[in-house]
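S.K.: Protein chains in written order, with the numbering used here: chain A, 6 to 447; chain B, 721 to 820. For glycine and all other residues, C-beta sits at the position ideal for the given N, C-alpha and C. Please read these numbers as outputs of a predicted model, since none were measured by experiment.
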Amino acid sequence: MTINRRDFIKASAGAVGTAALGNLAGCASVQTGSAGPKVVVVGAGFGGATFARYLKLWAPQAQITVIEPNTKFVSCPFSNTVLAGVNQMEDITMPYDYLKQAVDNFVPDTVTAIDTAKQTVTTAGGKTFAYDKLVLAGGVELLFDKVQGYDAEAQKTIKHAWKASADQTGVLRQQLEAMPDGGTFVMSVPMSPYRCPPGPYERACMVATYFKKAKPKSKVIILDGNPDIASKKPLFLAAWKKHYGYGTDNSMIDYRPNNMPRMVDAKTMIVGTEFDEVKGDVINVVPPMRAATITGIAGVRDGNSGNWCTIDYRTFESKVTKNVHVLGDSTLTNFPKSGSVANNTGKMCAYALSEEFAGRQADPAPVVTNTCYSAGSESTAFHVATVFRWNEEKQSMVPPPNANGISSEESELEMAYMESWARNVWADTLGLPESYNFTAKG
Amino acid sequence: MKNSLAVTLLLAGALGTAASAYAVDTRARFIAANCSYCHGPDGKSRGAVPSLAGLEPGYFVDQMKAFKDGSRPGTVMKKHANGYTEAEYEMMAKYFAAIK
Ligand SMILES: Cc1cc2nc3c(=O)[nH]c(=O)nc-3n(C[C@H](O)[C@H](O)[C@H](O)COP(=O)(O)OP(=O)(O)OC[C@H]3O[C@@H](n4cnc5c(N)ncnc54)[C@H](O)[C@@H]3O)c2cc1C
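1. Please classify A:Leu177: does DSSP put it in a helix, a strand, or coil?
2. How many angstroms separate the CA atom of A:Gly436 from the CA atom of A:Leu104?
3. For ligand 1, I want to know if A:Glu73 counts as a neighbour, meaning its beta carbon is within less than 7 angstroms of at least one of the ligand's heavy atoms.
4. Is the beta carbon of A:Ala347 closer than 8 angstroms to that of A:Asp368?
5. If you reduce the DSSP assignment to three classes, tell me which class A:Gln160 lands in.
6. Would you say the segment 290–304 of chain A touches the segment 87–100 of chain A, given that touching needs at least three Cβ pairs under 8 angstroms?
7. So which residues of chain A does B:Tyr804 contact, with C-beta pairs closer than 8 angstroms?
8. Check whether the Cβ atoms of A:Ser382 and A:Cys210 sit closer than 8 angstroms, and answer yes or no.
9. Using the Cα positions of A:Tyr101 and A:Gln68, report the straight-line distance between them to the nearest angstrom.
10. With 16 other CB atoms within 10 Å as the buried threshold, where does A:Gly52 fall?
11. Can you tell me the Cβ-Cβ gap for A:Ser223 and A:Asp259, rounded? I've got them flagged as a contact below 8 angstroms.
12. At least one CB of chain B closer than 8 angstroms to the CB of A:Arg428: is that the case?
13. Would the C-beta of A:His330 count as close to ligand 3, meaning under 7 angstroms from any of its heavy atoms?
14. For B:Ser740, does the three-state DSSP call read helix, strand or coil?
15. In the DSSP assignment, what residue or residues form a beta bridge with A:Lys224?
16. Taking 7 angstroms as the cut-off, is the C-beta of A:Ile119 nearer than that to any heavy atom in ligand 1?
17. Quick check on the burial criterion: 16 or more other C-beta atoms within 10 angstroms. Buried or exposed for B:Tyr779?
18. What would DSSP say about A:Ala33, mapped onto helix, strand or coil?
19. What residue range does the beta strand (DSSP E) around A:Gln68 cover?
20. Please say whether B:Asn754 and A:Asn349 have beta carbons closer to each other than 8 angstroms?
21. I believe A:Phe134 touches A:Thr125 by the beta-carbon criterion, under 8 angstroms. Please report the beta-carbon distance rounded to the nearest angstrom.
22. Does the distance from the C-beta atom of A:Thr278 to that of A:Trp313 stay below 8 angstroms?
23. List, in order along the chain, the chain B residues whose C-beta lies closer than 9 angstroms to that of A:Phe443?
24. Who are the near neighbours of A:Val331 in its chain, counting only those whose CB is closer than 7 angstroms to its CB and skipping five residues on each side?
25. Rounded to the nearest angstrom, how far is the Cβ of A:Ser425 from that of A:Cys377, given a contact under 8 angstroms?
26. Please list the terminal residues of the continuous alpha helix (DSSP H) segment that includes A:Met196.
27. So, using beta-carbon positions, are A:His165 and A:Val291 closer together than 8 angstroms?
28. Could you list the residues in the segment 406–418 of chain A with a C-beta less than 8 angstroms from some C-beta on chain B, going in chain order?
29. Using a Cβ-Cβ cut-off of less than 8 angstroms, give me the residues of the segment 765–798 of chain B that come near chain A, in sequence order.
30. Bridge partners of A:Ser416, per DSSP?
31. I need the boundaries of the beta strand (DSSP E) containing A:Glu360, first residue and last residue.
32. Less than 8 angstroms between the CB atoms is what I'm expecting for B:Ala813 and B:Val769, so what's the real figure, rounded?
33. Would you identify the three-state DSSP class for A:Thr273, choosing helix, strand or coil?
34. On the DSSP letters alone, give me the boundaries of the alpha helix (DSSP H) that B:Ser771 sits inside.
35. How would you list, in chain order, the residues of chain A whose beta-carbon sits under 7 angstroms from the beta-carbon of B:Ile819?
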């Protein structure tokens, strides 16, 4: 491979620095001793796991500690197919074993305190870790107290299933199975911005596909806090019409915009909105959300009335605290809150830090992409895809012309691609080997 | 004189290391990694989306251009192809071709 002049100069500067002058070429704020910079990653979801794996590949000298309380990775993407009965919880659950092998230290614990002045994090288990770079990839915090009555007791009956787990997705599936034919499933869509914009509308499709087969007299009521379908609207409307009778008197799906749930009552099984009280046999309310709890503890929730974290697009460093980087759903960016984006931007942050550790500048003009597939029925899917590039004039990351759009129509081919996407994004995030046996079906 | 010779020698030695340590085009590697959530880690797909690892660079670039100008129909690739420059197609083609 040839080296161009620019790389040649950068390379020689880096090599001389290391060979003769210690770490002059490195960033002054990073203690690059012989052991390499210490990087602590909070959360091994799509953002944190991808970041940790790729940073180790691209900057092997970095000493990477990943802190994550879950013993296994349970995927939100594809969790709606569990509600449909197409897949089981096991099919969307994957091991952390390969990620553990890839990083220096994997700590099964929860971070409960952060000192950004001393640059340390402390866990519930009482361990403290020093960092040169801290990466917060904790996903989202669900704000139950914004919905009256949605207390710990009510949460035993009413599931959000917006963080996939046996106790959420698994129980919601059981509730749907136990529901008599002719029953009503009431679900909600939080106000934007929220995790996975198309997710709720896909959920409606997946529950309806199950009802169509097993309980054809049943109904799905969607209470949407937003004024309209927030993502892939023409494709969801087409799927609802084609598969679930939407627009006819016999529609299985009843869509109600501007209907933010304000209260729930788990005893009488009622959801209250500003206008209405809606009774359900199974209730699935997704409360409003904000950046993960840990970002509040770190004091980096600066955006959108203190709910989300603004970052520098080139490095994913918090705009308020140095050496603290925020990834995935916790960030406030032009990107949708998706697993694809968390995966892709995890690599972007790993790339920026690996360049910094090598004594170079982070790429001044990065590019990342999002693609979200959604299932419209058991056998069909469609996508939204966008490429985002740094735009100097706008000082932001925006799609170049024609690099943004949705499927022309749903198809079985795209269901095959959606299944392939899931396997590849899981493999890419968790380092699953080529021999790994996936069981999730598209 | 002595000093500058030392510097020259040092540079020569350092550059020897540099050539091997930094022979990687890190930008190409990053851009190529943009594709792996669909095409698999290192472009080795685990499903219906085609693998990119080992594709002949000329073929790779032609496909990207064909997605862009619409002469190769597809589901999602036109949007992705529109987001990158032809120079980037070449960088990625080279990167994926080198993966065994
Ligand atoms: C129903 C549904 C369907 C979806 N479908 C898709 C899809 O088809 N495609 C797509 O791209 N995206 C989809 N998404 C969105 C996707 O799941 C999220 O965007 C993605 O999970 C965000 O990644 P993250 O790393 O920010 O957070 P997560 O993946 O939620 O990871 C956060 C991790 O941090 C850990 N953590 C939190 N706090 C702490 C702490 N204090 N200490 C240690 N660890 C901590 C958590 O245990 C968790 O493992 C879907 C989401 C839902 C709910």
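M.R.: Reading it off the structure:
1. By one-based count along the first sequence, residue 177 of chain A stands at place 172. Residue state, collapsed to three classes: helix.
2. Within the first sequence, the letter at position 431 stands for residue 436 of chain A. Within the first sequence, the letter at position 99 stands for residue 104 of chain A. Computed Cα separation, rounded: 6 angstroms.
3. Position 68 of the first sequence holds residue 73 of chain A. Under cutoff, so the answer is yes.
4. Start at 1 with the first residue of the first sequence, and residue 368 of chain A comes out as number 363. Start at 1 with the first residue of the first sequence, and residue 347 of chain A comes out as number 342. Not a contact, by the Cβ cut-off of 8 angstroms.
5. Stepping through the first sequence from its first residue, residue 160 of chain A is reached at position 155. DSSP places A:Gln160 in helix when its eight states are reduced to three.
6. no
7. To locate residue 804 of chain B, count along the second sequence from 1; it is residue 84. Those within 8 angstroms of B:Tyr804 in chain A are Val372 and Val392.
8. Looking up residue 382 of chain A in the first sequence gives position 377. Looking up residue 210 of chain A in the first sequence gives position 205. Yes, they are a contact pair.
9. To locate residue 101 of chain A, count along the first sequence from 1; it is residue 96. To locate residue 68 of chain A, count along the first sequence from 1; it is residue 63. Their Cα atoms are separated by approximately 18 angstroms.
10. As a position in the first sequence, residue 52 of chain A is number 47, starting the count at 1. Label assigned to A:Gly52: buried.
11. For the purposes of this step, residue 223 of chain A is taken as the residue at position 218 of the first sequence. For the purposes of this step, residue 259 of chain A is taken as the residue at position 254 of the first sequence. Not quite, the Cβ-Cβ distance comes to about 11 angstroms (not below 8 angstroms), so this is no contact.
12. Translated into the one-based positions of the first sequence, residue 428 of chain A becomes position 423. Closer than 8 angstroms to some Cβ of chain B, the Cβ of A:Arg428 qualifies, so yes.
13. The ligand content of the structure shown is limited to ligand 1, which means ligand 3 is not among them.
14. Position 20 of the second sequence, counted from the first residue, corresponds to residue 740 of chain B. Since pLDDT at B:Ser740 reaches only 39, below the 50 mark, its modelled position is unreliable, and no value is offered.
15. Locating residue 224 of chain A in the first sequence gives position 219, counting from the first residue. Looking at the DSSP assignment, A:Lys224 forms a beta bridge with A:Thr189.
16. Taking the first residue of the first sequence as 1, we reach residue 119 of chain A at position 114. Incorrect: A:Ile119 has no Cβ contact closer than 7 angstroms to ligand 1.
17. Locating residue 779 of chain B in the second sequence gives position 59, counting from the first residue. Exposed is the call here.
18. To locate residue 33 of chain A, count along the first sequence from 1; it is residue 28. Residue confidence is low: A:Ala33 scores 39 on pLDDT, short of 50, so the model does not pin down where it sits. No coordinate-derived value is stated.
19. For the purposes of this step, residue 68 of chain A is identified with residue 63 of the first sequence, where counting begins at 1. Start and end: Gln68 to Ile72.
20. As a position in the first sequence, residue 349 of chain A is number 344, starting the count at 1. As a position in the second sequence, residue 754 of chain B is number 34, starting the count at 1. Result yes, Cβ atoms of A:Asn349 and B:Asn754 sit closer than 8 angstroms.
21. Translated into positions along the first sequence, residue 134 of chain A becomes position 129. Translated into positions along the first sequence, residue 125 of chain A becomes position 120. Yes, A:Phe134 and A:Thr125 are in contact; Cβ-Cβ is about 7 angstroms, under 8 angstroms.
22. As a first step, residue 278 of chain A must be located in the first sequence, where it is residue number 273. As a first step, residue 313 of chain A must be located in the first sequence, where it is residue number 308. Contact: no.
23. Locating residue 443 of chain A in the first sequence gives position 438, counting from the first residue. What A:Phe443 touches in chain B: Arg766 and Gly767.
24. Against the first sequence, residue 331 of chain A aligns to sequence position 326. Cβ within range, chain order: Leu141, Thr300, Val305, Cys314, Ile316, Phe321 and Ser323.
25. Working through the first sequence from its first residue, we reach residue 425 of chain A at position 420. Working through the first sequence from its first residue, we reach residue 377 of chain A at position 372. Their Cβ separation, rounded to whole angstroms, is 14 angstroms, which puts A:Ser425 and A:Cys377 out of contact at 8 angstroms.
26. Here residue 196 of chain A refers to the residue found at position 191 when the first sequence is read from its first residue. A:Met196 -> no alpha helix (DSSP H), and no H or E assigned at all.
27. Here the question's residue 165 of chain A lines up with position 160 in the first sequence. Here the question's residue 291 of chain A lines up with position 286 in the first sequence. Yes.
28. Pro406, Asn407, Ala408, Asn409, Gly410, Ser412, Ser416 and Leu418
29. Ser765, Arg766, Gly767, Ala768, Val769, Thr795, Val796 and Lys798
30. One-based indexing of the first sequence puts residue 416 of chain A at position 411. Per DSSP, A:Ala386.
31. On the first sequence, residue 360 of chain A is found 355 positions in, with the first residue counted as 1. Per DSSP, A:Glu360 belongs to no beta strand (DSSP E); it is in the alpha helix (DSSP H), Gly344 to Phe362.
32. Counting from 1 along the second sequence, the entry for residue 813 of chain B is found at position 93. Counting from 1 along the second sequence, the entry for residue 769 of chain B is found at position 49. Actually they are not in contact, since the Cβ atoms of B:Ala813 and B:Val769 sit about 17 angstroms apart, beyond 8 angstroms.
33. Start at 1 with the first residue of the first sequence, and residue 273 of chain A comes out as number 268. Residue state, collapsed to three classes: coil.
34. Within the second sequence, numbered from 1, the residue matching residue 771 of chain B stands at position 51. Taken as a continuous stretch (DSSP letters only), B:Ser771 belongs to no alpha helix (DSSP H), as it is neither H nor E.
35. On the second sequence, residue 819 of chain B is found 99 positions in, with the first residue counted as 1. Those within 7 angstroms of B:Ile819 in chain A number zero; the least Cβ separation is about 13 angstroms.
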